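Following the UniProt record's numbering, the numbering of the sequence shown begins with 1 at its first residue and continues without gaps.
Structure first, then comments.
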Amino acid sequence: MINIHARVKHLIQKYGTRDPNKIADYLGINVEYKHYSNSTKGYFIKILTNKFIIINSSIPNHEKEIVLAHELGHAVLHHNKDIKFIREFTLFPTGRYENEANKFAAELLINENIDKCYIENMSIDQLASYFCVPKELVKYKFNKFF
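Set out below in structure tokens:
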């Protein structure tokens, strides 16, 4: 089983950032924004040795970083898998690889270096608001607390 927390922690320490754009750049992953009229929010694709994360430019700005972090999870965790990730990004469980990418996004975007006692006194809604992420990501990150 993949230790997603450790993988994300290693990336953060190695590159000194939690910014998914910067990490993608350090990893040689091209991030592009394209308009899609369908429900596709983003996807990761590898063509020969070139890696791309494509984000739907028409989604709200606050979602773009979350989608990027999720797709970066696919790039880091599943780059050797023979799977196509050209599907709608979702924060709801749709299979092992999607759950792993969601967990990766949660670990990357939510800084765990805060007082655990403080977290225990906050609701899921409060944590989501505090970290500016959807409640579903909070659940992926702090499932051991709830």
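For every residue, glycine included, the Cβ atom is placed at its ideal position computed from N, Cα and C.
Just so you know, these numbers come straight off a predicted model, no measurement behind them.
Straight-line Cα distance separating residue j from residue i
{"i": "I29", "j": "N50", "result": "7 Å"}
{"i": "K34", "j": "A106", "result": "24 Å"}
{"i": "I54", "j": "K41", "result": "8 Å"}
{"i": "L27", "j": "P20", "result": "10 Å"}
{"i": "F92", "j": "L48", "result": "Per-residue confidence for F92 stands at a pLDDT of 49, beneath the threshold of 50, marking its modelled position as unreliable; no derived number is given."}
{"i": "L137", "j": "I66", "result": "9 Å"}
{"i": "F89", "j": "Y43", "result": "In this prediction, F89 scores a pLDDT of 49, lower than 50, which makes its location untrustworthy; the coordinate-derived value is nonetheless stated afterwards. Cα to Cα, the separation comes out at about 7 Å."}
{"i": "N121", "j": "K22", "result": "33 Å"}
{"i": "R18", "j": "V133", "result": "14 Å"}
{"i": "G16", "j": "A6", "result": "15 Å"}
{"i": "A128", "j": "K139", "result": "9 Å"}
{"i": "K116", "j": "Y36", "result": "40 Å"}
{"i": "V8", "j": "Q126", "result": "24 Å"}
Buried or exposed (CB count within 10 angstroms, at least 16 for buried), residue i
{"i": "Y118", "result": "exposed"}
{"i": "H62", "result": "exposed"}
{"i": "L108", "result": "buried"}
{"i": "A75", "result": "buried"}
{"i": "A24", "result": "buried"}
{"i": "N56", "result": "buried"}
{"i": "I2", "result": "exposed"}
{"i": "I4", "result": "buried"}
{"i": "K14", "result": "exposed"}
{"i": "K64", "result": "buried"}
Nearest candidate by alpha-carbon position, reference residue i, set the options
{"i": "R96", "options": "L109, H78, N111 and N113", "result": "H78"}
{"i": "residue 147", "options": "V31, I59 and I23", "result": "What is shown of the chain runs 1 to 146, which leaves residue 147 out entirely."}
{"i": "F142", "options": "Y130, I124, N3 and I23", "result": "I124"}
{"i": "I12", "options": "K46, I45, Y140 and N111", "result": "N111"}
{"i": "L45", "options": "S37, Y36 and E32", "result": "It is Ile, not Leu, that sits at residue 45 in the sequence shown. It is E32 whose Cα lies nearest to the Cα of I45."}
Extent of the continuous alpha helix (DSSP H) to which residue i belongs
{"i": "K41", "result": "Counting along the chain, K41 falls outside any alpha helix (DSSP H), and DSSP gives it neither H nor E."}
{"i": "E112", "result": "Taken as a continuous stretch (DSSP letters only), E112 belongs to no alpha helix (DSSP H), as it is neither H nor E."}
{"i": "D125", "result": "I124 to F131"}
{"i": "P20", "result": "P20 to Y26"}
First through last residue of the beta strand (DSSP E) which encompasses residue i
{"i": "V31", "result": "I29 to K34"}
{"i": "I53", "result": "N50 to N56"}
Distance cut-off 6 Å: residue i Cβ against heavy atoms of the ligand FMN
{"i": "A128", "result": "The ligand FMN is absent from the structure shown, which contains no ligands of any kind."}
- Message: For the region 99-116 against the region 64-79, do three or more pairs of beta-carbon atoms, one drawn from each stretch, fall closer than 8 Å, so that the two count as touching?
- Response: yes
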